[in-house]
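Residue numbers (the numbering used here): 587 to 758.
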């Protein structure tokens, strides 16, 4: 079996988005069981005051998917508004990212693996191969925001654990 860039990046993002959906559903179930208004409590929850809220973590996870997939394919990036405020909005955003992954051109991604791309990082822009940008910036950034979403919900008392986080990656 040949390991290709698309065979690493696309399933990793898709499974991570499955995890994100799973932990959001767990939060809603926890809220319903405990008389908590999930839409009023969790979307703006933060780990610490100067950190971005749950909505941002979902937005940035999905924005990372958007940017990386378009960068790898060499296609113009869409713009997605960051206006999600409810769980329904967050699920719709995740589904939009999943659809992007399903429609991704794996052949184009693999053919462009060694192509030089520009990656903005704060006020600077760096040049990497498409492969290096995905493996060394895109995937780590995606996981940073996925894990932060998990941590926010855990800090809010949602009873999720390692199995909730890892199961989608294992296909169980």
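Idealized CB from N, CA, C, for every residue including glycine.
1) Do the segment 646-658 and the segment 602-610 make contact, defined as three or more Cβ pairs closer than 8 Å?
2) May I ask which residues mark the beginning and end of the alpha helix (DSSP H) holding residue 619?
3) Just mark residue 709 as buried or exposed, buried being the case when its beta carbon has 16 or more other beta carbons within 10 Å.
4) Of all the options 705, 723, 614 and 662, which has the alpha carbon lying nearest to the alpha carbon of residue 676?
5) Can you tell me whether residue 650 is helix, strand or coil according to DSSP?
6) Okay, do the segment 610-626 and the segment 657-675 touch, 3+ Cβ pairs below 8 Å being the bar?
7) If you draw a straight line from the C-alpha of residue 751 to the C-alpha of residue 735, how long is it?
8) Report the residue ranges of all beta strand (DSSP E) runs contained in full by the segment 616-698; include only those spanning at least 3 residues, in chain order.
9) On the DSSP bridge list, what partners appear for residue 703?
10) Residue 683 and residue 651: beta carbons closer than 8 Å?
11) Does the Cβ of residue 748 have 16 or more other Cβ atoms within 10 Å, making it buried, or fewer, making it exposed?
12) What do you get for residue 762, buried or exposed, if any count of 16 or more other CB atoms within 10 angstroms of its CB means buried?
13) Tell me which same chain residues have a C-beta within less than 6 Å of the C-beta of residue 632, skipping the five on either side of it?
Result, derived from the coordinates:
1) yes
2) By one-based count along the chain shown, residue 619 stands at place 33. Note, residue 619: alpha helix (DSSP H), 591-619.
3) By one-based count along the chain shown, residue 709 stands at place 123. When all chains shown are included, residue 709 counts as exposed.
4) Indexing the chain shown from 1 puts residue 676 at position 90. Taking only the C-alpha atoms, the option nearest residue 676 is 614.
5) Here residue 650 corresponds to residue number 64 of the chain shown, with the count starting at 1. Here residue 650 sits in helix by DSSP.
6) yes
7) On the chain shown, residue 751 is found 165 positions in, with the first residue counted as 1. On the chain shown, residue 735 is found 149 positions in, with the first residue counted as 1. Roughly 11 Å separates the two Cα atoms.
8) Listed in chain order, there is nothing to give.
9) As a position in the chain shown, residue 703 is number 117, starting the count at 1. Answer by DSSP bridge pairing, in chain order: 714.
10) Taking the first residue of the chain shown as 1, we reach residue 683 at position 97. Taking the first residue of the chain shown as 1, we reach residue 651 at position 65. Cβ distance < 8 Å, so residue 683 and residue 651 count as in contact.
11) Numbered from 1 along the chain shown, position 162 holds the residue referred to as residue 748. With fewer than 16 Cβ atoms within 10 Å of its Cβ, residue 748 is classed as exposed.
12) Coverage of the chain is limited to positions 587 through 758, which leaves residue 762 absent and any answer about it impossible.
13) The residue you call residue 632 lines up with position 46 of the chain shown. Excluding positions up to five away in sequence, the list reads 639.
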